[in-house]
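Worksheet: the structure to be examined is printed underneath.
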Amino acid sequence: MGGSITGSDRPLPDSWGDAPKFPHLKLRFLRGWARSVPAWGKDTYKGFPDSLPCLRAQSGRRGKRGFLRPSATMKRELCSRALTRAFLAELIGTTVFVFVGLGSALPWPLASPSVLQVALAFGLAIGTLAQCLGHVSGAHLNPAVTTAFLLGSRISLCKAVCYVLAQLLGAVVGAALLYELTPSQVHGSLGVNAPQNTTSAGQAVTIEMFLTLQLVLCVFASTDSRRTDVGFPALSIGLSVTAGHLIGIYYTGCSMNPARSFGPALVMGNFANHWIFWIGPLAGAIVAMMLYDYLLCPRPRSTADRIAILRGDRDPEKEAEHGRQKKQSLKTYSVHTIPKLIDTDDKACGLVS
26 MGGSITGSDR
36 PLPDSWGDAP
46 KFPHLKLRFL
56 RGWARSVPAW
66 GKDTYKGFPD
76 SLPCLRAQSG
86 RRGKRGFLRP
96 SATMKRELCS
106 RALTRAFLAE
116 LIGTTVFVFV
126 GLGSALPWPL
136 ASPSVLQVAL
146 AFGLAIGTLA
156 QCLGHVSGAH
166 LNPAVTTAFL
176 LGSRISLCKA
186 VCYVLAQLLG
196 AVVGAALLYE
206 LTPSQVHGSL
216 GVNAPQNTTS
226 AGQAVTIEMF
236 LTLQLVLCVF
246 ASTDSRRTDV
256 GFPALSIGLS
266 VTAGHLIGIY
276 YTGCSMNPAR
286 SFGPALVMGN
296 FANHWIFWIG
306 PLAGAIVAMM
316 LYDYLLCPRP
326 RSTADRIAIL
336 RGDRDPEKEA
346 EHGRQKKQSL
356 KTYSVHTIPK
366 LIDTDDKACG
376 LVS
């Protein structure tokens, strides 16, 4: 047969074992070209892409649809400036949150803290930081929230690990700063969480799980990109934290945040019953994610989409932002909002009134 199928007068090789003559060809192009050849050519060259050794090697280096391997994708995300900024935002935010929250609970001799004071301090701190850092990292400031976002396929695995490390480090820095800047006679327990008022371990875990559940539900609902109403997520989350502290302080000192419990526990060297403030919040966050994503407001996603998000191939936050911008653009430039231009000649001819 002639060699005109390739678009040149160069004769075709006797067998496809001569593949090294075409090292510049790509597998995707060859497959598309094979579908475009005439019927008589398909039978002759059927299966030829898989017979090329160089193309098989190239295909093994790439995943389906050209996705990079997970290790390469995660390495690229790990070295990105966006993740560095998000790491710093979580570190600084958790430091400030723990410093302000624990500072409000210090037992000063002339001004003993009240439950309302502590609750407002934690709530106002988280609301302010969510407003300040939400556009940088999402302002999780809580390993339980990050875990819920990870299992709900909202962030990648690499980002979740970096967030948790930043939160734990920030909590330790915040507690250590407060310890150094406070007189020794005022340290007290430095806000270390522990069961209060004869509360049992089982009751403490249940309380922490329930309080974290309502917090994560609030976070998911107030930050859902599918909402059409314009609200104030930072205010909602701050009020949720305040409400949790108004109840939980009497039971456990109220954690709802493993990092908040880890920081003062490490500084004071007091890890008694510390497991309660990991198991309870994490369990509550997971239950809240399942309730919201599968019952209250289902979010249909295929397994392939979830894996792509975990690997970092897709960023649902950027996709949601792009969708909002596109919707706003369509609304702005809709035919209903563009004023109709009237030509003076048409008006003179009586075509328009």
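First residue of the sequence shown: 26, per our numbering; consecutive thereafter. Think of the CB as a built atom: it goes at the ideal place given N, C-alpha and C, for glycine as much as any other residue.
Can you tell me where the alpha helix (DSSP H) holding residue 330 begins and where it ends? The count along the sequence shown starts at 1 and reaches residue 330 at position 305. Start and end: 328-336.
Measure the alpha-carbon distance for residue 297 versus residue 233 and round it to whole angstroms. In the sequence shown, residue 297 corresponds to position 272, counting from 1. In the sequence shown, residue 233 corresponds to position 208, counting from 1. If you take the alpha carbons of residue 297 and residue 233, they lie about 16 angstroms apart.
Quick one: using the 10 Å Cβ neighbour count with 16 as the cut-off for buried, is residue 116 buried or exposed? Here residue 116 refers to the residue found at position 91 of the sequence shown. By the neighbour-count rule (16 or more Cβ atoms within 10 Å), residue 116 is buried.
Would you mind sorting residue 225 into buried or exposed? The rule is 16 or more other CB atoms within 10 Å of its CB. In the sequence shown, residue 225 corresponds to position 200, counting from 1. Flag for residue 225 reads exposed.
According to DSSP, is residue 303 helix, strand or coil? Numbered from its first residue, the sequence shown carries residue 303 at position 278. Helix at residue 303.
On the criterion of 16 or more Cβ atoms from any shown chain inside 10 Å, does residue 210 qualify as buried, or is it exposed? For the purposes of this step, residue 210 is taken as the residue at position 185 of the sequence shown. Result: exposed.
Given that a residue counts as buried once 16 or more other Cβ atoms are within 10 Å of its Cβ, and exposed if not, what is residue 244? On the sequence shown, position 219 is the one that residue 244 refers to. The residue is buried, with at least 16 neighbouring Cβ atoms inside 10 Å.
By the DSSP assignment, the alpha helix (DSSP H) with residue 257 in it spans what residues? Within the sequence shown, the letter at position 232 stands for residue 257. Taken as a continuous stretch (DSSP letters only), residue 257 belongs to no alpha helix (DSSP H), as it is neither H nor E.
Given residue 315 as reference, the closest of 222, 241 and 111 once Cα atoms are compared: Here residue 315 refers to the residue found at position 290 of the sequence shown. Comparing Cα positions, the closest option is 241.
What residue range is occupied by the uninterrupted alpha helix (DSSP H) comprising residue 234? Position 209 of the sequence shown, counted from the first residue, corresponds to residue 234. Here the alpha helix (DSSP H) through residue 234 covers 226-247.
Distance check for residue 152 and residue 162, CA to CA, integer angstroms please. Mapped onto the sequence shown, residue 162 falls at position 137. Mapped onto the sequence shown, residue 152 falls at position 127. Computed Cα separation, rounded: 14 angstroms.
Work out the CA separation of residue 330 and residue 92 for me, nearest whole Å. Reading the sequence shown from its first residue, position 67 is the one you call residue 92. Reading the sequence shown from its first residue, position 305 is the one you call residue 330. Note that residue 92 scores a pLDDT of 43, beneath 50, so its modelled location is shaky; the value from the coordinates is reported in the next line. The straight-line gap from Cα to Cα measures roughly 12 angstroms.
Helix or strand or just coil, what does DSSP make of residue 268? Indexing the sequence shown from 1 puts residue 268 at position 243. If DSSP states are grouped into helix, strand and coil, residue 268 belongs with the helices.
State the Cα-Cα distance for the pair residue 177 and residue 166, rounded to the nearest angstrom. Taking the first residue of the sequence shown as position 1, residue 177 is located at position 152. Taking the first residue of the sequence shown as position 1, residue 166 is located at position 141. The alpha-carbon atoms of residue 177 and residue 166 are separated by roughly 17 angstroms.
Does the beta carbon of residue 246 come closer than 8 angstroms to any beta carbon on chain B? Of the protein chains in this structure there is only one, and it is not chain B.
What are the residues that DSSP puts in a beta bridge with residue 136? As a working note, residue 136 is residue 111 in the sequence shown. In the DSSP output, where bridge partners are listed per residue, residue 136 has 133.
Expressed to the nearest angstrom, what Euclidean distance is found between the alpha-carbon atoms of residue 139 and residue 336? Against the sequence shown, residue 139 aligns to sequence position 114. Against the sequence shown, residue 336 aligns to sequence position 311. Computed Cα separation, rounded: 46 angstroms.
Which residue marks the beginning of the alpha helix (DSSP H) containing residue 283, and which one marks its end? Working through the sequence shown from its first residue, we reach residue 283 at position 258. Unbroken alpha helix (DSSP H) run through residue 283: 283-293.
Could you check what DSSP says for residue 121 in three-state terms: helix, strand or coil? Position 96 of the sequence shown, counted from the first residue, corresponds to residue 121. Of the three classes helix, strand and coil, the one that applies to residue 121 here is helix, per DSSP.
Buried or exposed: which applies to residue 338, given that a residue is buried once 16 or more other Cβ atoms fall within 10 Å of its Cβ? The residue labelled residue 338 in the question sits at position 313 within the sequence shown. Here residue 338 is buried: its Cβ has 16 or more other Cβ atoms, across all protein chains shown, within 10 Å.
Check residue 318 in the structure and name its three-state DSSP category. The count along the sequence shown starts at 1 and reaches residue 318 at position 293. In the structure shown, residue 318 sits in a helix (DSSP, three-state: H, G or I).
7 angstroms CB neighbourhood of residue 98 in its chain, flanking five on each side removed: As a working mapping, residue 98 is identified with position 73 in the sequence shown. Cβ neighbours of residue 98 beyond the five flanking positions: 336, 337 and 338.
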